[in-house]
Amino acid sequence: DEQAAPSSAAAAATGGSLQVGTGCDRLLSFQPSRLSALQAEFLAQDEPVEVVPAAPMREPLRLVCGEWGPLRAHVPARVPLWLALQLHASGRCRVVPPAWLGVQTLLELKEDEKGDSYSTALPFHWYTIATLLLRTPNVFGQDEDQVRQLCEDIRVLRDNKTLRGLKGIRLDRPAINLNGISLVELNSVREYITLAMDELHSERQFIATADAVARTGDARVAFGPVAAATPAPKPAAQAGAGSAGVIKRVLRPHRRPQPQPEPSQPQPQPQ
Amino acid sequence: MKEDGDSQLLSLSQFADDVGAGQQPARQQETRNAEFHGRLRQCCVNEVQAPELLPYATDVVAHVAGVVKEQERAGQLLEGAVTDVNQMYMRRLCQLDMERARYLLQWYHRVRTHKIEKFFMHTLIDERTQARMSPQEFEFAKQYCDLVGEHLQKSFLNKLPQGRIRMLTDREFDMVVAPNLDHYVAVRILKTIGSFSILETSAPITLNEGDLVLIAYRMAIPLLTRGEAELV
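Here the protein sequences come in this chain order: S and P.
Residue numbers for the first sequence follow the numbering used here, beginning at 2 and rising by one.
Residue numbers for the second sequence follow the numbering used here, beginning at 180 and rising by one.
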């Protein structure tokens, strides 16, 4: 199916990544089926973070996302990051940076990152959380510059690893292990890596079909094992007369009285 | 033991704590709210990353939308009655949270609508996809198909030679754009599976809990259906 209707199917498969123009890019490339940077930040802001309240809040905060509190003065509590940043901005609480965002821990993580694989000690949303907390005043105190520098160093090391890992995309590898990668890094390479793997997958299927055709000597095997046994059915749209009738029947399939003959699937269903 | 710092408003939660009667169901309700909120978030991500339309999460959407409506109603009742600065601040936090929940609901429906529009022909032909839509989405799909048909007819189909108009839906050349189920997706494994075979021609891979792998969506469908993995 992929090779049959190349432009439309390929465009649909790759999520319409064929973009045109320069000025209208943002409008024409409106693709809700992509995780944007802001949406990644939105998801990261639900991660729990520790806060130390300055004053008590006797009533718990009953929200759509759950119940938080009641907050007692100077007793650490866990709340979502977005709530923690709001409370910190209003002065009611002080955000405590997570354990992995301390200078000593970051130095150790930087040493770990010099190895071959991603360090799994960093959470999935680490870069977003670090950026948001570094942007907030009075969270880190004196260590802020050092933490910022260490985060950038770790980001560079991991990005280099990602770029090196792209070279591992090969025809004979149908799966890639991405243990320890974070959402920001994944989003930065997702389009390229999925496009490359999709193309290689088509290539693998093409090679497999070509082998099957060469083995059996029957070209109809290319359309699936059942196709080789049965003759190809006529297209459904040829039944009936009149162009208007054809258009009505074809473009409004939900009103079709007879069920459409089911073409045999070339790939087996996984379920 | 009473806490110091009396508030003029008698909080219902305090009263419930003293009596001890309504505490258990209220706690369960909050836990369920948190659980459904997390599930809605995961539904959004699944819908964004999956190439095909996934089953409509009726219970999750109904629950979260219900909680948002309740909060809105409670907010409207308290409008003007709250004068304490702290209470107003807490109401503002509730409003922020409601905006976030509304965004999640809109995002979920927006992605699904985009997929229905992109594959509208396939959606209306394929019974499996039809079963995955909500009644409103099915109505939308039908109306969209009618509109597109009318538009194509008026714009150029009526100018083509009548005998040449045909929509090919046979195996050799299928004009119906279907989602590419071999699209590669990033999958996080939730339960240790062990040896997992991807292709007949290649060696099986080992999947442990917490692993993140990039595999073809078709291979991941059984894992996603059984809840052993999630899209990322």
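We put the beta carbon where it would ideally sit given N, CA and C, even for glycine.
Runs of alpha helix (DSSP H) lying entirely within the region 121–165 of chain S, each at least 4 residues, in chain order:
127–136
With a threshold of 8 Å on Cβ separation, who are the neighbours of Val392/P within its own chain once the five nearest residues in sequence on each side are excluded?
As a first step, residue 392/P is located in the second sequence; it is residue number 213 there, counting from the start. If we look at Val392/P and ignore the five residues flanking it on each side, its Cβ neighbours are Ala365, Val366, Ile368, Ile384 and Leu386.
Positions along the region 270–287 of chain P whose CB lies within less than 8 Å of some CB in chain S:
Leu272, Cys273, Leu275, Asp276, Met277, Arg279, Ala280, Tyr282 and Trp286
Since Ala220/P meets chain S, which of its residues come closer than 7 Å, beta carbon to beta carbon?
Position 41 of the second sequence, counting from 1, holds the residue named residue 220/P. Looking at the sequence shown, residue 220/P is not Ala but Arg. The answer, in chain order, is Leu44 and Asp47.
Short CB-CB distance (under 8 Å) between Asp117/S and chain P
Within the first sequence, numbered from 1, the residue matching residue 117/S stands at position 116. So, not an interface residue.
Going along the chain, which residues of its own chain have a beta-carbon closer than 7 Å to the beta-carbon of Cys222/P, five neighbours each way excluded?
If you number the second sequence from 1, residue 222/P lands on position 43. Counting only Cβ-Cβ distances below 7 Å, and skipping sequence neighbours, we find Ala236, Val239 and Tyr287.
Chain-ordered neighbours of Val65/S on chain P, where CB pairs are closer than 8 Å
Sequence index remark: in the first sequence, residue 65/S carries index 64 (1-based). Chain P residues near Val65/S: Asn212, His216, Val243, Val246, Val247, Gln250, Asp276, Met277, Arg279 and Ala280.
Please list, in chain order, all residues of the same chain as Trp127/S whose beta carbon is under 6 Å from its beta carbon, the five residues on each side excluded.
Looking up residue 127/S in the first sequence gives position 126. The residues are Ser183.
Give me the Cα-Cα distance between Ala382/P and Leu360/P, rounded to the nearest whole angstrom.
The residue you call residue 382/P lines up with position 203 of the second sequence. The residue you call residue 360/P lines up with position 181 of the second sequence. Straight-line Cα distance between these residues: approximately 21 Å.
Measuring CB to CB, does Val80/S end up less than 8 Å from Pro49/S?
Within the first sequence, residue 80/S is the residue found at index 79, counting from 1. Within the first sequence, residue 49/S is the residue found at index 48, counting from 1. It is a contact, given that the beta carbons lie within the stated cut-off.
Return the chain-ordered list of same chain residues with a C-beta closer than 8 Å to the C-beta of Glu68/S, the five sequence neighbours on each side being excluded.
Taking the first sequence and counting its residues from 1, the one referred to as residue 68/S is at position 67. If we look at Glu68/S and ignore the five residues flanking it on each side, its Cβ neighbours are Pro61 and Leu62.
Can you tell which of Ile295/P, Ala213/P, Glu231/P and Ala399/P has the C-alpha that lies nearest to the C-alpha of His315/P?
Numbered from its first residue, the second sequence carries residue 315/P at position 136. Reading off the sequence shown, one finds Gln at residue 315/P, where the question assumed His. Here the closest residue by C-alpha is Ile295/P.
Name the residue from Leu36/S, Ala45/S and Met58/S whose alpha carbon lies nearest to the alpha carbon of Val227/P.
Numbered from its first residue, the second sequence carries residue 227/P at position 48. Comparing Cα positions, the closest option is Leu36/S.
Host alpha helix (DSSP H) of Pro175/S (start-end):
Indexing the first sequence from 1 puts residue 175/S at position 174. First-last for Pro175/S: undefined, no H or E at that position.
Do Thr217/S and Val190/S have their CB atoms nearer than 8 Å?
Translated into the one-based positions of the first sequence, residue 217/S becomes position 216. Translated into the one-based positions of the first sequence, residue 190/S becomes position 189. Not a contact, by the Cβ cut-off of 8 Å.
So His384/P contacts chain S; which residues on that side make the cut at Cβ distance below 7 Å?
Walking along the second sequence from the start, residue 384/P turns up at place 205. According to the sequence shown, residue 384/P is Ile rather than His. Under the 7 Å cutoff, chain S gives Ala176.
For Ala41/S versus Val214/S, is the C-beta spacing smaller than 8 Å?
As a working note, residue 41/S is residue 40 in the first sequence. As a working note, residue 214/S is residue 213 in the first sequence. No, the pair does not count as a contact, with Cβ atoms beyond the cut-off.
Whole-number beta carbon distance between Ala78/S and Asn55/S, since they are thought to touch under 8 Å
Position 54 of the first sequence, counted from the first residue, corresponds to residue 55/S. Position 77 of the first sequence, counted from the first residue, corresponds to residue 78/S. The question names Asn, yet the displayed sequence has Ala at residue 55/S. In fact, because the Cβ distance is near 12 Å, the residues do not count as touching under 8 Å.
Whole-angstrom distance between Val157/S and Val224/P, CA atom to CA atom:
The residue labelled residue 224/P in the question sits at position 45 within the second sequence. The residue labelled residue 157/S in the question sits at position 156 within the first sequence. Cα to Cα, the separation comes out at about 27 Å.
Out of Gly181/S, Pro71/S, Val104/S and Ala197/S, state which residue places its alpha-carbon closest to the alpha-carbon of His362/P.
The residue given as residue 362/P occupies position 183 in the second sequence. Among Gly181/S, Pro71/S, Val104/S and Ala197/S, the Cα nearest to that of His362/P belongs to Ala197/S.
Bridge partners - Leu64/S, DSSP secondary structure assignment:
Residue mapping note: residue 64/S aligns to position 63 of the first sequence, counting from 1. According to DSSP, which records beta bridges pairwise, Leu64/S is partnered with Gly67/S.
From Thr106/S to Leu256/P, what distance separates their C-alpha atoms?
Locating residue 106/S in the first sequence gives position 105, counting from the first residue. Locating residue 256/P in the second sequence gives position 77, counting from the first residue. Their backbone Cα atoms lie some 49 Å apart in a straight line.
Three-state secondary structure (DSSP) at Arg397/P?
As a working note, residue 397/P is residue 218 in the second sequence. Arg397/P: helix per DSSP, three-state reduction.
First through last residue of the alpha helix (DSSP H) which encompasses Ile208/S
Mapped onto the first sequence, residue 208/S falls at position 207. Leu184 to Thr217 is the span of the alpha helix (DSSP H), which, as asked, contains Ile208/S.
Residue span of the alpha helix (DSSP H) that contains Lys302/P, given as start and end:
Locating residue 302/P in the second sequence gives position 123, where the first residue counts as 1. Strictly speaking, residue 302/P in this sequence is Thr, with Lys absent from that position. First-last of the alpha helix (DSSP H) with Thr302/P: Phe299 to Ile304.
Quick one: any contact between the region 269–278 of chain P and the region 238–253 of chain P, if contact means 3 or more CB pairs under 8 Å?
yes
Coarse secondary structure for Pro271/S, derived from DSSP in three states:
If you number the first sequence from 1, residue 271/S lands on position 270. In this prediction, Pro271/S has a pLDDT of 44, which is less than 50 and means its spatial position is unreliable; nothing more can be read from the coordinates.
Contacts around Ser376/P, its chain only, beta-carbon distance under 6 Å, and the 5 residues preceding and following it disregarded:
Here residue 376/P refers to the residue found at position 197 when the second sequence is read from its first residue. Pro383.
Excluding five sequence neighbours on each side, which residues of the same chain lie with their C-beta closer than 7 Å to the C-beta of Ala408/P?
On the second sequence, position 229 is the one that residue 408/P refers to. Closer than 7 Å at Cβ, skipping near neighbours: Val366, Arg367, Ile368, Leu369, Ala399 and Leu402.
Is Leu110/S closer than 8 Å to Ser120/S when the C-beta atoms are compared?
On the first sequence, residue 120/S is found 119 positions in, with the first residue counted as 1. On the first sequence, residue 110/S is found 109 positions in, with the first residue counted as 1. Their beta carbons are under 8 Å apart, which means Ser120/S touches Leu110/S by this criterion.
Any beta carbon of chain P sitting closer than 8 Å to that of Ile182/S?
For the purposes of this step, residue 182/S is identified with residue 181 of the first sequence, where counting begins at 1. So yes, Ile182/S belongs to the interface.
At what residues does the alpha helix (DSSP H) containing Ser334/P begin and finish?
Sequence index remark: in the second sequence, residue 334/P carries index 155 (1-based). Looking at the DSSP string, the run of the alpha helix (DSSP H) that includes Ser334/P is Pro314 to Ser334.
So, are the CB atoms of Ile88/S and Val52/S less than 8 Å apart?
One-based indexing of the first sequence puts residue 88/S at position 87. One-based indexing of the first sequence puts residue 52/S at position 51. Reading off the sequence shown, one finds Leu at residue 88/S, where the question assumed Ile. Against a cut-off of 8 Å, the Cβ pair of Val52/S and Leu88/S comes out as a contact.
For Thr404/P, the nearest candidate out of Gln207/P, Pro234/P and Ala395/P (CA to CA):
Taking the second sequence and counting its residues from 1, the one referred to as residue 404/P is at position 225. Closest by alpha carbon: Pro234/P.
Closest Cβ-Cβ distance between Gln147/S and chain P: below 8 Å?
Here residue 147/S corresponds to residue number 146 of the first sequence, with the count starting at 1. No, Gln147/S does not count as interfacial toward chain P.
Mind reading off the beta-carbon distance from Thr348/P to Leu232/P? Whole number of angstroms is fine, and I expect it under 8 Å.
Translated into the one-based positions of the second sequence, residue 348/P becomes position 169. Translated into the one-based positions of the second sequence, residue 232/P becomes position 53. Incorrect: roughly 20 Å between the Cβ atoms, too far for contact.
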